[in-house]
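Student:
Number of protein chains: 2
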Amino acid sequence: MASESRSGRPRASSREVLAEAACELFLEQGYDATSVSDITRRAGVSRSSFFNYFSAKGDVLWSGFDAQSEEAVRRLRDDVAIDGALAAIGEGLAPDALALAITNAEAMGLAAELDRDRAVRQFRLQREIAARMVRGGAAPLIAQVRAGASAAAVLAAVWAWADRTASGGSLTDILTEALASA
Amino acid sequence: MASESRSGRPRASSREVLAEAACELFLEQGYDATSVSDITRRAGVSRSSFFNYFSAKGDVLWSGFDAQSEEAVRRLRDDVAIDGALAAIGEGLAPDALALAITNAEAMGLAAELDRDRAVRQFRLQREIAARMVRGGAAPLIAQVRAGASAAAVLAAVWAWADRTASGGSLTDILTEALASA
DNA sequence: CTCCGATGTTGGATTGCGTCCAAGAATACA
DNA sequence: TGTATTCTTGGACGCAATCCAACATCGGAG
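Residue numbers (this note's numbering), protein chains in the order written: chain H, 1 to 182; chain F, 1001 to 1182.
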């Protein structure tokens, strides 16, 4: 699942480096005042390269979550148990740029953008969960509602986990608790 | 709730006219190939004026729903019963540009944009519903999950209603059914 | 060792969204 | 007729995102 490239020019940067540079700048200047050029300049690559790593400026914060989410979607399509696939999102999700952005959302002027991106990701999950439920025999409308609850549980758990100043609690615990109420 | 302006220059267009022009163009050329200038040109106003009516290109389809949604949010803040406030979104929601866009999403090349906008609106609702639930004494995490279900119910109902080719069923009926399963 | 294919990088150009503003036009009212 | 108010318009601007051709750097095959 890991080793990919065998030949060709090596990458001049990485998602992590770019995300780190972006976070610094968001804290210093705010999200809106930070252009993609600013990020790549600090990371030491050209603006064009940014879009080799991310497909949009906002995605820079979501790299880790998206990877986990896509893995969960893959399992859902293989008709694995729903709650199991969703709970697995929590495992292996490190406190990265996203967690930092959530706790410092207002300081970064990120509230609006973060809402948008969260909404999109939650809905993506909802769609996949609902499709899985329909495949399992559920009525489409009901499936959307129940899937909406589960998807909301995932994102709400991530937020609660990031916002825990010292409340402790692993993401996995929060996530299973949230999923249990769905 | 209606009569507003007393003096000043009268408006040269309206949300409805712009939405209609936009729908025509989306059908003819697709969403991406249709610029804001295209829309305003057909509607007979200048590009600048567009943003006096909508705050973004995508909002052109959501005018009716947003009005209903904002009304529901207002009632939620007044601590009205949740399901009642949400069900009221269905009343007075006419089959407008949004319904047309939903049924012709692929023909208009709208799938991606429509997903984004739907996600954002669903999440806006979820946030307000959850806040209302927390005010009512619910635990924040649980509230997000239940609110996620209710918000999903609203949007799913609108989609089911728009997609009904001839399945009949009023939006209100579909909506109450969806909310009942939340 | 050299050539070759594959992979990444870079700068530049392009398009269109969204914002801002100053100037002007059209209304109600005194 | 003036005046305040509301809206329109054109122009300019910054920036996100896309596209592309030229170039750089790797591994491997001959």
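Glycine included, every Cβ here is placed at the ideal spot set by N, Cα and C.
If I'm right that F/Leu1061 touches F/Ala1019 with Cβ under 8 Å, what's the distance once you round it to whole angstroms?
Tutor: Rounded, the Cβ-Cβ distance is 7 Å, consistent with contact.
Student: Which residues in the same chain as H/Val17 place their Cβ atom closer than 6 Å to its Cβ, once the five residues preceding and following it in sequence are excluded?
Tutor: Around H/Val17: Ala43.
Student: Applying the 10 Å Cβ sphere with the 16-neighbour rule, what's the burial state of F/Gly1169?
Tutor: Exposed, because fewer than 16 other Cβ atoms sit within 10 Å of the Cβ of F/Gly1169.
Student: Please classify H/Ser48 as buried or exposed, where buried requires at least 16 neighbouring CB atoms within 10 angstroms.
Tutor: Classification for H/Ser48: exposed.
Student: So, helix, strand or coil for H/Pro95, using DSSP?
Tutor: The answer is coil: DSSP assigns H/Pro95 none of H, G, I, E or B.
Student: Exposed or buried, which one is F/Ala1022 when buried takes at least 16 other CB atoms within 10 Å?
Tutor: Per the 10 Å Cβ criterion, buried.
Student: Given that a residue counts as buried once 16 or more other Cβ atoms are within 10 Å of its Cβ, and exposed if not, what is H/Ser55?
Tutor: H/Ser55 comes out exposed.
Student: Measure how close the beta-carbons of H/Gln68 and H/Leu100 come, nearest whole angstrom, since I'm counting them as under 8 Å.
Tutor: Not a contact, Cβ separation roughly 17 Å.
Student: With DSSP as the reference, label H/Val80 as helix, strand or coil.
Tutor: Coil.
Student: Evaluate contact between the stretch 1095–1112 of chain F and the stretch 1146–1163 of chain F, counting only Cβ atoms and requiring at least three cross-stretch pairs below 8 Å.
Tutor: Cβ pair count under 8 Å is three or more, so yes.
Student: Quick one: is F/Ser1003 buried, meaning 16 or more other Cβ sit within 10 Å of its Cβ, or exposed?
Tutor: No answer about F/Ser1003 holds up, because its pLDDT of 46 lies below 50 and its placement is not dependable.
Student: Sorted by chain position, which residues of the same chain lie with C-beta nearer than 6 Å to F/Met1001's C-beta, five sequence neighbours on each side aside?
Tutor: Because F/Met1001 carries a pLDDT of 38, less than 50, the predicted location of this residue cannot be relied on, and the following value inherits that uncertainty. Nothing listed; no residue qualifies.
Student: Between H/Arg135 and chain F, is there a C-beta pair that is closer than 8 Å?
Tutor: No, H/Arg135 does not count as interfacial toward chain F.
Student: Using a Cβ-Cβ cutoff of less than 8 Å, which residues in the same chain neighbour H/Arg121 once the five nearest sequence positions on both sides are dropped?
Tutor: Once the five neighbours on either side are set aside, the close Cβ partners of H/Arg121 are Trp62, Phe65, Asp66, Ser69, Leu155.
Student: So, for H/Arg9: in the same chain, excluding its five sequence neighbours on each side, which residues have a beta-carbon less than 7 Å away from its beta-carbon?
Tutor: Around H/Arg9: no qualifying Cβ.
Student: Starting from the beta carbon of F/Phe1123, find every residue of chain H whose beta carbon is closer than 7 Å, and list them in chain order.
Tutor: Chain H residues near F/Phe1123: Asp115, Arg118, Ala119, Gln122.
Student: What does the alpha-carbon distance come out to for the pair H/Ala157 and H/Leu171?
Tutor: Distance between the alpha carbons of H/Ala157 and H/Leu171: 7 Å.
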